[in-house]
Structures are given as C-alpha cells and as structure tokens.
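Accompanying notes for the structure given below.
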Amino acid sequence: MSNMLFDNSLDVAPSGFKAGHITMNLNSGLEAANMLDEMMQLTAQTLTSMEVSDNYKVIKELGRGKYGQVILVIHRQRGTPMALKLLPKMHTKKQNFLYEYCVALTLSAHTNIIGMFGIAFESAEHYGFLYEAALQRDLISIIKPREGVPEQAGKQCTKQLVSALEFIHSRGLVYRDVKPENVLLFGRDCQRIKLTDFGLTRPRGTMLKLVSGIIPYTAPELSNTRNGEGMPIDFALDSWAFGVLLFCLMTGYFPWEKTLPSDPFFEDYVVWQETGSSEDLSRHWKKLTAESMDMLSKLMALNPSERSPVNKALKYLDSPWRVDNWRAIEGLD
C-alpha cells in the first residue's frame, strides 16, 4: 500500500506566503494564519545554532522521505529518547521549516497528536526540531492486505482520528495528509494513536494552485486543479482522505489508485454516487455492510459541499462495518 506525497514545491503555501507573512483569500483561516505568522517570527528570532552531536546521541534512523529524515536520538544529559526531524538546508526554505514546526507545536497539546519538545535549531547543513518518539509502528504496518485490521481496532482508531482532526479543524487548519503512514501507534490494536507530519497543513481558505501526483487520498476536486486561479482548501479535503483511510482499514485495499476518469475503480464509484447502483463496484465493497457503505459515501461525496464532516463517522461506531461472510467473499476461508 505505497503512495506518493503531494509535492511541497508545487503547493502554494498560504497565498502570498513569503518574507514571514501569510495572506489569506478567505477570512475563515485568517486567525490561524496570523497566529502562525507571529509564532514564526518569534521562533526565527530565537532559533538556536548547534550541531546534533553537541546535545544528542544518534541511535538509528526512523524514516526518510523526499524532504528529510527522522532519527531516534537520546539527550546526552537527560537520557530522554526523542525523534529528531532533519531538513536539509539545500532543499528547504527557512520559512517552510519554521511553518511546519510552528504548526506542529500549535497542535501538539491534543492527546492524539504527536507531542513536541519545543526545541528547534539549525546546524551548518540542516534545520531540525524534536518531538515525541514513537517506538512502535505506524498504522500502515498493521493493515493486512485483503483483510485490513480487526473491526474493533479500526473503530478505536476512528474515534481517535476524529478527535484529532476535529481539533485541527477547530484551529482553522486543514490537515491535508490523512494516510496510515502518518498515524503512529502507541499501544496494541490502536488503543492509542497519534497524528504526525504537518508539512502540508494549511489554514482553511489557502489557495492551492497545483497538485503534484494524484494519489488515492486526493479528493476529486483537487485532481482537476490545473488552472492559474486555483481553489481555496477546506475541511472537506480531510473528510475525503479520511474516508479512503477507513476503506483501507476495513478491506486492506485502496478503493482506487487515483481519482481520475482513467481509473476504472474510481469511475465505478462515480457511477454508484450518481445513480445509486452498486453493481459495478469491486468485490472489496461487497465485504461492507450497508451502514459502513453509507458512512463512506457521505465522507467521500463527490461534491465537497455535500461531504460529511469527519465527526459524522462516530454515529456508525455501534453498527457492524463488515458483513458476516466477508472472509469467504475475499476467499480467505
């Protein structure tokens, strides 16, 4: 279940975002943008210069991506394990680093969002900040192909993700990166999970002019964003991606590869949404109950203005999500 990330280099971080200032096209995210602007200016003034080895012992690499790496370190004096995100200066604008750090710090008070230590610095070659180390795995590591996760674990995960996303939205922000790789596990069977990675998070109303790479989580309205005017982002983007994630939890599959007419699985979904006929949906949908299909169809409504907010998933927690013979349908019995 691999996927691609949106390309930050092509993402219009809040419209007019330069020289430490954020301007908004819609008033709905203006308060969040102004708060982040102030935090970024203060952080820039107090940013420490040091080398990683000055204060931390490197243990191992936890992950690596296009824009940087995460390593497990231990504070030399306190012995505290921490996760250190390093972004190479060669490929990272200082303002983008400050932005991601300040967003993560702003949201870290929530129990289902990764905790921050409030430490940001620059070295000769990197920008870095430290956060809570997740020594267990991420959600993608426990999603079994063809099976997903146990239903109770999926529902436990759903409750916590809804809480985290609602908190993000209450701050006037759109997360924009809902996917299993960004859900860290802090207990067995999703007893406790935390969201991480806020590099794509933006104030609601930020104008997005171009998206690089259409992935399963990309809402269809973004797949059509190719004109110069762009579109203001909204919470509905997170609802769509959340619906895709829930489908993965329940089935062990993506519902489609990309939200484009060229993808036959997505086109079958469009037919279902527009006509109500589910006959052409792939067999993976046959494993789902009427209740869970109703939940997904509302979270992933084609029209973003009709899309359910993420908290509407909570009303389906007491209903079964998979039919009794789902294993036979999948050929697992």
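Numbering-wise (the working numbering), the sequence shown opens with residue 128 and increments by one. Every residue, glycine too, gets a C-beta built ideally from N, C-alpha and C.
- [ ] Report the rounded CA-to-CA distance for valine 437 versus glutamate 293, giving the unit in angstroms.
- [x] 7 Å
Ordered along the chain, which non-local residues of its own chain (more than five positions away) have a Cβ less than 8 Å from that of phenylalanine 248? Leu174, Thr175, Ser176, Met177, Tyr254, Gly255 and Phe256
Exercise. Taking only the alpha-carbon atoms, compute the straight-line gap between lysine 439 and serine 405 and give it to the nearest angstrom.
Key: 22 Å
ask   = Taking the DSSP output, what are the residues bridged to serine 176?
value = Glu249
| query | Among the residues of its own chain, which have a CB less than 7 Å from the CB of proline 277, if the five just before and after it don't count? | reply | Asp316
**OP:** Count the C-beta pairs between the segment 387–395 and the segment 313–327 that are closer than 8 Å, then say yes if the count reaches three, no if not.
**Re:** no
**Straight-line gap, glutamine 172 to valine 450 (C-alpha atoms, nearest Å)** = 57 Å
Practice task
Please classify arginine 273: is it buried, with 16 or more other beta-carbons within 10 angstroms of its beta-carbon, or exposed?
Solution key: exposed
Next item on the list: Could you tell me the boundaries of the alpha helix (DSSP H) in which methionine 420 lies?
Entry: 417–426
Could I get the ranges of all uninterrupted alpha helix (DSSP H) runs contained in the segment 198–275, with 4 residues as the minimum, in chain order? 221–234
ask   = glutamine 318: buried (16+ other C-beta within 10 angstroms of its C-beta) or exposed?
value = exposed
Q. Over what stretch of residues does the alpha helix (DSSP H) that includes glutamate 394 continue unbroken?
A. 391–402
**Asked** Ordered along the chain, which non-local residues of its own chain (more than five positions away) have a Cβ less than 7 Å from that of aspartate 361?
**Response** Val301, Arg331 and Pro431
Glycine 192 classed as buried or exposed, judged by whether at least 16 other C-beta atoms fall within 10 angstroms = exposed
From phenylalanine 224 to leucine 214, what distance separates their C-alpha atoms? 8 Å
Which listed residue (Asp164, Ile186, Gly206 and Arg205) has its alpha carbon closest to that of leucine 199:
Ile186
Taking 8 Å as the threshold, find out whether the segment 393–401 comes into contact with the segment 362–377 through three or more Cβ pairs. no
Please work out which residues of its chain come closer than 8 Å, Cβ to Cβ, to threonine 207, disregarding the five sequence neighbours upstream and downstream, and give them in chain order.
Ile201
Thinking C-alpha only, which one of Met358, Pro359 and Pro347 is nearest tryptophan 367?
Pro347
| message | Restricting to Cα atoms, I'd like to know which of Leu232, Met422 and Val197 is closest to methionine 162. | response | Leu232
* **Secondary structure of lysine 439, DSSP reduced to three states** => helix
Beta-carbon proximity list for glycine 357, same chain, < 7 Å, skipping 5 on both sides: Val139, Met334, Leu335 and Lys336
Once you ignore the five residues that flank proline 343 on each side, which residues in its own chain have a CB closer than 8 Å to its CB? Asn130, Val371, Phe381, Pro382, Trp383, Glu384, Lys385 and Thr386
Inset, instruction - Quick one: using the 10 Å Cβ neighbour count with 16 as the cut-off for buried, is lysine 321 buried or exposed? - result: buried
| query | In whole angstroms, what is the alpha-carbon distance linking tyrosine 194 and glutamate 433? | reply | 34 Å
Own chain residues within Cβ distance below 6 Å of tyrosine 443, not counting five before or after: Glu418 and Met422
* Note down the Cα distance separating isoleucine 246 from glycine 190, rounded to an integer number of angstroms. => 20 Å
| request: Kindly list the residues whose CB is nearer than 8 Å to the CB of glutamate 252, restricted to its own chain and excluding five residues on each side of it in sequence; keep chain order. | output: Pro215, Lys216 and Met217
Original post:
For isoleucine 320, which of helix, strand or coil comes out of DSSP?
Top reply: strand
Checklist entry - Looking at the structure shown, is glycine 190 part of a helix, part of a strand, or coil, going by DSSP? => result strand
Handout entry: Neighbourhood of tyrosine 258 by C-beta distance below 6 Å, restricted to the same chain and skipping five residues each side
Key = Ala210, Ile241 and Met243
Checklist entry - CA-CA distance, tryptophan 453 and lysine 184? => result 48 Å
(Q) In the DSSP assignment, the beta strand (DSSP E) including leucine 311 goes from what residue to what residue? (A) 310–312
Discussion item. Quick check: the Cα distance between leucine 312 and glycine 299, rounded to an integer number of angstroms?
Written reply: 26 Å
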